[in-house]
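Here the structure comes first, spelled out in structure tokens, and everything after it is commentary.
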């Protein structure tokens, strides 16, 4: 019967029968079939196999693993983001399924407990790159500050290089100085690059003291302290602000935000007025 299920691609029935009549090799055969699909580059087919088998958690876990491998192999941040968005959506789908089959997974992705973090990381990375290219210097400052939350996902050297550049362009030389300190302390940075960062920092801070220039400030909604409008936390009360997925800027006024019904991420209302879809997960607005 299990062979018939496999022949007819009735994956859900195959897994259900394996549980009822205690045939443990069904699960391993399903995983092996998924591995063969992956070897031929058929990622969507492998994911759909698990979904049809009603193994939603395994489907999302597979996509997270593919996403982690893609970071090392691909040079296309948008494709990587799309993989992680789909993985997060599948994880949310798994939460909403009351009954589902479960397979023993050899490797469980670290992202299953916080499924949106990798999608957020690559979303803000792409947003910062776009803001640099468009000359939106004030906007890219906020987004580059936000990227510090994702150094466990993104390349640490790239994150602090972007922050150093954004803060220098915005004359925020205190932030810039801290970014260079982080760059010089990253273990993976080689001696030659470390020396280059040191010399560049010396050149910059010989001309400009490590102090942040005057920029737009906003009042913390919790303690009324004036803070930089790009800061994602208040140094006085330590309150952290969520970020607008459309601009990367901190969301201070929570009464004027829009929240996506699918991914539950937020943006300032005026920043999504002309949009047809969520900036992060691309679900229709």
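Residue numbers (full-length UniProt numbering): 1 to 285.
Beta carbons: idealized from backbone N, C-alpha and C, even for Gly.
Cutoff 8 Å; reference residue i; Cβ partners in own chain excluding five residues on either side
i, result
"residue 70", "79, 80 and 83"
Residues near residue i by beta carbon distance below 7 Å, same chain, minus five either side
i, result
"residue 171", "213"
"residue 285", "272, 275, 276, 277 and 278"
Residue i versus residue j - alpha carbon distance
i, j, result
"residue 250", "residue 181", "25 Å"
"residue 188", "residue 125", "20 Å"
"residue 156", "residue 162", "10 Å"
"residue 153", "residue 140", "19 Å"
"residue 255", "residue 268", "9 Å"
"residue 61", "residue 73", "19 Å"
"residue 252", "residue 241", "7 Å"
"residue 218", "residue 239", "14 Å"
"residue 11", "residue 49", "Note on residue 11: pLDDT 45, under 50, position unreliable in the model; the coordinate value appears next. Roughly 7 Å between the two C-alpha positions."
Local conformation of residue i per DSSP, three classes
i, result
"residue 134", "coil"
"residue 284", "strand"
"residue 153", "coil"
"residue 55", "coil"
"residue 172", "strand"
Those residues which DSSP pairs with residue i across a bridge
i, result
"residue 228", "217"
"residue 233", "240"
"residue 158", "Partner(s): none; residue 158 has no beta bridge."
"residue 201", "In DSSP, residue 201 forms no bridge with anything."
"residue 257", "268"
Classification of residue i by the beta-carbon crowding that lies within 10 angstroms, buried from 16 upward
i, result
"residue 30", "buried"
"residue 261", "exposed"
"residue 95", "exposed"
"residue 133", "exposed"
"residue 231", "buried"
"residue 118", "buried"
"residue 51", "buried"
Test: residue i CB closer than 8 Å to a CB of chain C
i, result
"residue 155", "Chain labels in this structure do not include chain C; a single protein chain is all it has."
Sequence-distant residues of the same chain with beta carbon closer than 6 Å to residue i, five excluded per side
i, result
"residue 160", "179, 182 and 183"
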